[in-house]
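The sequence shown lines up with residues 4 to 325 when you count with this note's numbering. All C-beta atoms in this analysis are idealised placements derived from N, C-alpha and C, irrespective of residue type, glycine included.
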Amino acid sequence: MTTLALKGTQWVTVRQHRRALWLALALAAVAVAVLVTSRLWSDSAAEALRAAGCTVDSVAPSCLQPAGDHIDDRWFARHLVEYTAMGMLVLPGVLAAFVAGPMVARELESGTYKLAWTQSVSPARWLAAKLAVPAALTLTVVPLLSLVFHWSWSTGPAEDFPTYWYEPTMFVSFGVVPVAHALLGLALGAAVGLLVRRTVPAMGVAALVTGTALAVLAGLRADLWPVRTLTGTGIDPGGQVWRLDQGMLTAAGERLYWNGCTVVQPQNPRLCMTDRGGVTDFVDVHPASHYWPLQLVETGICLTLTALATLIAFRVLRSRHP
């Protein structure tokens, strides 16, 4: 009976909020369509250039127009990927403000939750059903978006106009972090909805809280895994390496940073650094091999925060409606 009651509550949740859920699915479908279009557009541009017997670097007069068209098409395809990445970046805030927050706060504000609680459904089971529906949707749709994004980005327009894995929008668009961020947005939205209990204020507060949490995580991201320090003269770590601090080391191992010398002696900062005792260059980096450690650590933090926010939501519900 308990299982049937829980399934019934979940069905009621779907019926009550079907417009928001359908809208979320529609937006996901649009994102997939944009990513597929970007990849196909990029591939067709490359194929058209090959069919003309030209390359991007061709200097033959007959290749100028095909090469120009190729660059324009690949640049357009890259923009499509960037727009989708921006959508992935704000997705947790959207889920918190327009799905989880209103899904809880609207029923508390209107009093419709009382009907469910009179149907042998406890407050805890009611909240569990409210969270289960968008969580199931998130666990189904967001991994698909992440996979399609990686397929569209990895061998598409990024080849000609590189975007790097460590860029803020790219890092949260594929891998396991997008799912963790989305679940965190749902949990924070639900907790805010229970605390605020009014739909419109809950939407604003949920977006603010989620955005703040993710901004803090982004600011701490570089420190989530030990960096690798490269030393030597004229270091060039490569394009797929995330550069962090850089400067010169003294004979005693003290670090000197370029910032001071670029201000004091902008025309020749290296002379300034050597005058201060610098003997060799250094740069702290996260190589591409640190991608998955950084993803997994940030995912672990997000899931911990998600569990904490969910626990707070149930505690608040229990204290107000024992």
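For M251, count neighbouring C-beta atoms within 10 Å of its own C-beta (all shown protein chains included) and say buried if the count is 16 or more, exposed if not. Your numbering for residue 251 matches position 248 in the sequence shown. Label assigned to M251: buried.
Counted within 10 angstroms of its Cβ, other Cβ atoms place P296 as buried (16 or more) or exposed: As a working mapping, residue 296 is identified with position 293 in the sequence shown. P296 comes out exposed.
By how many angstroms is the C-alpha of C305 removed from the C-alpha of L148? In the sequence shown, counting from the first residue as 1, residue 148 sits at position 145. In the sequence shown, counting from the first residue as 1, residue 305 sits at position 302. About 19 Å.
What would DSSP say about T87, mapped onto helix, strand or coil? One-based indexing of the sequence shown puts residue 87 at position 84. Helix at T87.
How should V199 be labelled, buried or exposed, when 16 other C-beta atoms within 10 angstroms of its C-beta is the threshold for buried? The residue labelled residue 199 in the question sits at position 196 within the sequence shown. V199 should be labelled buried.
Find out if the Cβ-Cβ distance for the pair G131, I315 is shorter than 8 Å. Translated into positions along the sequence shown, residue 131 becomes position 128. Translated into positions along the sequence shown, residue 315 becomes position 312. Residue 131 is actually Ala in this sequence, not Gly. No; because the gap between Cβ atoms is not below 8 Å, this pair is not in contact.
Cβ contact check for the region 241–250 and the region 268–286: 3 or more pairs under 8 Å: Look at the beta carbons and you see the region 241–250 touching the region 268–286: at least three pairs across the two are nearer than 8 Å.
Assigned secondary structure, T253 (DSSP; H/G/I helix, E/B strand, else coil): Along the sequence shown, read from residue 1 onward, the residue named residue 253 stands at position 250. Three-state DSSP puts T253 in a strand.
Measure the beta-carbon distance from G188 to L98 and round it to whole angstroms, keeping in mind my assumption that it falls under 8 Å. Locating residue 188 in the sequence shown gives position 185, where the first residue counts as 1. Locating residue 98 in the sequence shown gives position 95, where the first residue counts as 1. The pair is a contact, with the Cβ atoms about 4 Å apart (cut-off 8 Å).
Using a Cβ cut-off of 8 Å (strictly closer), state whether R200 contacts chain C. Absent here is chain C; the protein component of the structure consists of one chain.
Any 3 or more C-beta pairs closer than 8 Å across the region 176–191 and the region 88–103: Counting C-beta pairs with one atom in each stretch, the region 176–191 and the region 88–103 have three or more that are closer than 8 Å, which means they touch.
With T283 as the anchor, note down where its beta strand (DSSP E) starts and where it stops. Here residue 283 refers to the residue found at position 280 of the sequence shown. Unbroken beta strand (DSSP E) run through T283: G281 to H289.
Going by the CB atoms, is the gap between P137 and M106 shorter than 8 Å? Here residue 106 corresponds to residue number 103 of the sequence shown, with the count starting at 1. Here residue 137 corresponds to residue number 134 of the sequence shown, with the count starting at 1. In this structure, P137 lies closer than 8 Å to M106 by Cβ.
Any idea which residues DSSP pairs G235 with across the strands? As a working note, residue 235 is residue 232 in the sequence shown. Partner(s): D284.
Integer Cβ distance of A80 from S41, believed to fall under 8 Å: Taking the sequence shown and counting its residues from 1, one reaches residue 80 at position 77. Taking the sequence shown and counting its residues from 1, one reaches residue 41 at position 38. Indeed, because the Cβ distance is near 4 Å, the residues count as touching under 8 Å.
Would you mind giving the Cβ-Cβ distance between V180 and F174, rounded to the nearest angstrom? I have them listed as a contact below 8 Å. Against the sequence shown, residue 180 aligns to sequence position 177. Against the sequence shown, residue 174 aligns to sequence position 171. Right, their Cβ atoms sit about 7 Å apart.
Tell me the rounded alpha-carbon separation between T313 and Q268. Here the question's residue 313 lines up with position 310 in the sequence shown. Here the question's residue 268 lines up with position 265 in the sequence shown. Straight-line Cα distance between these residues: approximately 54 Å.
Assuming L140 contacts A32 (C-beta within less than 8 Å), just tell me the rounded distance between them. Within the sequence shown, numbered from 1, the residue matching residue 140 stands at position 137. Within the sequence shown, numbered from 1, the residue matching residue 32 stands at position 29. In fact, because the Cβ distance is near 13 Å, the residues do not count as touching under 8 Å.
Separation of H289 from T87, as counted between CA atoms: Indexing the sequence shown from 1 puts residue 87 at position 84. Indexing the sequence shown from 1 puts residue 289 at position 286. Between T87 and H289, the alpha-carbon positions lie close to 25 Å from each other.
Can you round the beta-carbon distance between G104 and A209 to whole angstroms, since I take them to be within the 8 Å contact cut? Numbered from 1 along the sequence shown, position 101 holds the residue referred to as residue 104. Numbered from 1 along the sequence shown, position 206 holds the residue referred to as residue 209. Their Cβ separation, rounded to whole angstroms, is 4 Å, which keeps G104 and A209 in contact under 8 Å.
DSSP on D75, reduced to helix/strand/coil? For the purposes of this step, residue 75 is taken as the residue at position 72 of the sequence shown. In the structure shown, D75 sits in a helix (DSSP, three-state: H, G or I).
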